[in-house]
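Worksheet for the structure shown next.
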Amino acid sequence: MAERATHRDRLRALEFEAFVAGAGGRLLHTATLLTGEPSQPPGTYDRAEALLRAALARTYADWDRLHGGDPYDRARRELALRFARETRRHQRPRGGVLDRLTPIERLVLVLRIYEEVGEEQTAALLGLPADRIRAVCARAVATLRAAGPRRGVAGRGTGAAPASRRTP
Numbered sequence: 006m007a008e009r010a011t012h013r014d015r016l017r018a019l020e021f022e023a024f025v026a027g028a029g030g031r032l033l034h035t036a037t038l039l040t041g042e043p044s045q046p047p048g049t050y051d052r053a054e055a056l057l058r059a060a061l062a063r064t065y066a067d068w069d070r071l072h073g074g075d076p077y078d079r080a081r082r083e084l085a086l087r088f089a090r091e092t093r094r095h096q097r098p099r100g101g102v103l104d105r106l107t108p109i110e111r112l113v114l115v116l117r118i119y120e121e122v123g124e125e126q127t128a129a130l131l132g133l134p135a136d137r138i139r140a141v142c143a144r145a146v147a148t149l150r151a152a153g154p155r156r157g158v159a160g161r162g163t164g165a166a167p168a169s170r171r172t173p
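Plus 5 on top of the position in the sequence shown (first one is 1) and you've got this note's numbering.
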């Protein structure tokens, strides 16, 4: 009996390691976008890594209860909820393109645009009405557009049209 439990635990650990190997990079990038920490140089995003570790620990704890569900959705949901709880306590900008946004705007924008989570799913995840999610997302996009491109970003602010949009 103990041998079977050990085998099951080993299998569970291997499945989880495979999941993290496949999805860890994207989840770390999502956490980095949420926290607003710069992604370069590597190792400078302590808050994002801590957020991801906590989300992955919770995902691993719930691994057996997923019952064929998508572990990526579970981990992303945990990232979003932990970020929302954390920002209620600490609302300081960390730099980056998204630092112009409030934490809820950043969260909604990352979920809707970067993670491509549907409006209804985002609303259910955050416990907000869908029209509120729509309004927050629109406001976040408008804020970023109004701020304009940042100087020093390659290919932006130079006035030159991208090669695909130029006419011969």
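Ideal Cβ placement from N, Cα and C applies to all residues, glycine included.
For Asp136, the uninterrupted alpha helix (DSSP H) segment begins and ends at Ala135 to Ala152. Under the three-pair Cβ rule at 8 angstroms, the segment 78-85 counts as touching the segment 48-67. Exclusion of the five residues before and after Arg58 leaves no residue of its chain whose Cβ lies closer than 8 angstroms to its Cβ.
Around the CB of Val141, 16 or more other CB atoms lie within 10 Å, so the residue is classed as buried. Three or more Cβ pairs closer than 8 angstroms define a contact, and the segment 132-152 meets that threshold against the segment 115-124.
Per DSSP, reduced to three states, the secondary structure at Gly41 is coil, with no helix or strand assignment. Boundaries of the alpha helix (DSSP H) around Leu61: Asp51 to Ala66.
Per DSSP, reduced to three states, the secondary structure at Asp104 is helical. Glu120 is classed as buried because its beta carbon has at least 16 other beta carbons within 10 Å across all chains shown. For Ala55, the closest of Ala36, Leu133, Thr11 and Arg70 by C-alpha to C-alpha distance is Ala36. In this model, Arg15 and Arg79 are separated by some 21 angstroms (Cα to Cα). Just so you know, the alpha carbons of Gly30 and Glu8 end up roughly 34 angstroms apart. In the DSSP assignment, Leu130 falls within the alpha helix (DSSP H) that extends over Glu124 to Leu131. Looking at the backbone, the Cα of Thr148 and that of Arg105 are separated by about 7 angstroms. Contact annotation, Arg17 with Asp67: C-beta distance approximately 11 angstroms; criterion of less than 8 angstroms not satisfied.
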